[in-house]
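Novice:
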Amino acid sequence: MNIRIEKTSTPAQKPDQKKLGFGKYFTDHMFLMDYSPAEGWHDARIVPFGNLTLHPAATVFHYGAEVFEGMKAYRRADGQVQLFRPMENVKRLNSSAERLCLPQIDEQDALEAIMKFVEVEQDWVPSEPGTSLYLRPFLFGSDEQLGLHTIQNALFIIIASPVGSYYAAGINPVKIMIETEDVRAVKGGTGYTKCGGNYAASNRAAARAEQKGYSQVLWLDGVHRKYIEEVGAMNVMFRIGDEIVTPELSGSILPGITRKSCLDVLRKEGYKVTERKISVDELVESMKNGTLKEAWGCGTAAVVSPIGELAYGDMKYTVNNFEIGEITHHLYDTLTGIQWGNIPDTYGWTVEIPANK
Ligand SMILES: *Cc1c(COP(=O)(O)O)cnc(C)c1O
Numbered sequence: 004m005n006i007r008i009e010k011t012s013t014p015a016q017k018p019d020q021k022k023l024g025f026g027k028y029f030t031d032h033m034f035l036m037d038y039s040p041a042e043g044w045h046d047a048r049i050v051p052f053g054n055l056t057l058h059p060a061a062t063v064f065h066y067g068a069e070v071f072e073g074m075k076a077y078r079r080a081d082g083q084v085q086l087f088r089p090m091e092n093v094k095r096l097n098s099s100a101e102r103l104c105l106p107q108i109d110e111q112d113a114l115e116a117i118m119k120f121v122e123v124e125q126d127w128v129p130s131e132p133g134t135s136l137y138l139r140p141f142l143f144g145s146d147e148q149l150g151l152h153t154i155q156n157a158l159f160i161i162i163a164s165p166v167g168s169y170y171a172a173g174i175n176p177v178k179i180m181i182e183t184e185d186v187r188a189v190k191g192g193t194g195y196t197k198c199g200g201n202y203a204a205s206n207r208a209a210a211r212a213e214q215k216g217y218s219q220v221l222w223l224d225g226v227h228r229k230y231i232e233e234v235g236a237m238n239v240m241f242r243i244g245d246e247i248v249t250p251e252l253s254g255s256i257l258p259g260i261t262r263k264s265c266l267d268v269l270r271k272e273g274y275k276v277t278e279r280k281i282s283v284d285e286l287v288e289s290m291k292n293g294t295l296k297e298a299w300g301c302g303t304a305a306v307v308s309p310i311g312e313l314a315y316g317d318m319k320y321t322v323n324n325f326e327i328g329e330i331t332h333h334l335y336d337t338l339t340g341i342q343w344g345n346i347p348d349t350y351g352w353t354v355e356i357p358a359n360k
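When you read off a place in the sequence shown, starting at 1, and then add 3, the result is the number in this note's numbering.
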């Protein structure tokens, strides 16, 4: 793929690596590529970061035709920059695009776009422990008309933001509320895609949970209101007795790359792991009788996030004395170790970015 590169003449001052937070700062450039039925994907370019100009009738504003990805570039101790399972993000982007009738991108081209963009922006990958360069590829419909037709024109963009350690104050258990009113997704809908609309539909429950002092909600399935699905922007796993369980990919759950990686690690190491339906009654029973040993969320942002309290209706249950569990900790150490290059990648998950010279 031919990528035109136009460098900025006014590079920004890099922010203090100890105060990055999440998604507040953006790098000097962005990747863009246009789609039209006549030309397909064309005009791939890396240009100075800046505002977009879009027609006010652009499909994305009215009918929510948008999908995105979230991934990170990590700086190893030897200075090299690397990505973690980037092809998984590419495949999921296309799966999301297919569901929303947005044009898909050739896998190799999309990977090349991500890698070239990170190569250009590599000085922005921070080096403080736990920091990374968060990448946000996104794709949306840009047709300039209000009629409801299949999308003809689209835009694919990648932006990047240096982000701080998720656990600036040490890895800490979170409090989660089981949501009993709103639902996030149903089978046949868009639950398995990373689309902006899923987040819009989640906002109300998340806001109510936050008001009550909970960091996120645990979703139940939209049909029976009975089976565990996932937590906010994370998949969820439980250690009940000597079995590790996680909801099966039913069509309404996001197929997380961190989830998949946790399962791969656990299975390779010989743990008993099951993907299946988990009812909220089973979960509550396991908290009452003490067989729930650990609970954690998993996603790119936090990697692994221990759950210290679960609320269901008027009841509150503490998990593992509000402490980080053994397996939760092991998964965190293993995945972050591979991502930042501190332990050998025996899985072949990391992809190096060529160094600037
Ligand atoms: C992105 C996301 C996840 C986690 O996926 P990863 O690939 O592990 O980052 C889980 N649930 C939802 C709803 C998400 O959007």
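Using N, Cα and C, we set each Cβ at its ideal position, and we do this for glycine too. Source: prediction; values computed, not measured.
Report, in whole angstroms, the separation of the C-beta atoms of residue 181 and residue 305, which I expect to be a contact under 8 Å.
Specialist: Their Cβ separation, rounded to whole angstroms, is 19 Å, which puts residue 181 and residue 305 out of contact at 8 Å.
Novice: Exposed or buried, residue 218, counting other C-beta atoms within 10 Å across all chains shown (16 or more means buried)?
Specialist: Per the 10 Å Cβ criterion, buried.
Novice: What are the uninterrupted segments assigned as beta strand (DSSP E) that are 3 or more residues long and contained completely in the region 232-266, given in chain order?
Specialist: Segments of the beta strand (DSSP E) lying fully in the region 232-266: 238-243 and 246-250.
Novice: So is the beta-carbon of residue 237 under 6 Å away from any non-hydrogen atom of ligand 1?
Specialist: Yes.
Novice: Can you list, in chain order, the residues of its chain whose CB lies under 7 Å from that of residue 287, leaving out five sequence neighbours each side?
Specialist: Within the same chain, residue 287 has close Cβ partners 315.
Novice: Could you compute how far the alpha carbon of residue 107 sits from the alpha carbon of residue 141?
Specialist: Those two C-alpha atoms are separated by around 12 Å.
Novice: Tell me residue 301's beta-bridge partners as DSSP assigns them.
Specialist: Looking at the DSSP assignment, residue 301 forms a beta bridge with 238 and 307.
Novice: Identify whether residue 102 lies in helix, strand or coil by the three-state DSSP scheme.
Specialist: Helix.
Novice: What does a CB cutoff of less than 6 Å around residue 249 pick up in its chain, not counting 5 residues either side in sequence?
Specialist: Cβ neighbours of residue 249 beyond the five flanking positions: 240 and 278.
Novice: Only counting the same chain, and skipping five residues up and downstream in sequence, which positions put a Cβ closer than 8 Å to that of residue 274?
Specialist: So the qualifying residues of the chain are 247 and 330.
Novice: Can you tell me which of 73, 79 and 104 puts its alpha carbon nearest to the alpha carbon of residue 66?
Specialist: Ranking 73, 79 and 104 by Cα distance to residue 66 puts 104 first.
Novice: Could you tell me which whole beta strand (DSSP E) segments of length 3 or greater appear in the region 65-121?
Specialist: Counting only runs of 3 or more, we get 69-71, 74-78 and 84-87.
Novice: Do you know how far the Cα of residue 344 is from the Cα of residue 124?
Specialist: Near 19 Å, if we compare the C-alpha coordinates of residue 344 and residue 124.
Novice: Give the straight-line distance between the Cα atoms of residue 120 and residue 244, rounded to the nearest whole angstrom.
Specialist: Spanning the two alpha carbons is a distance of roughly 45 Å.
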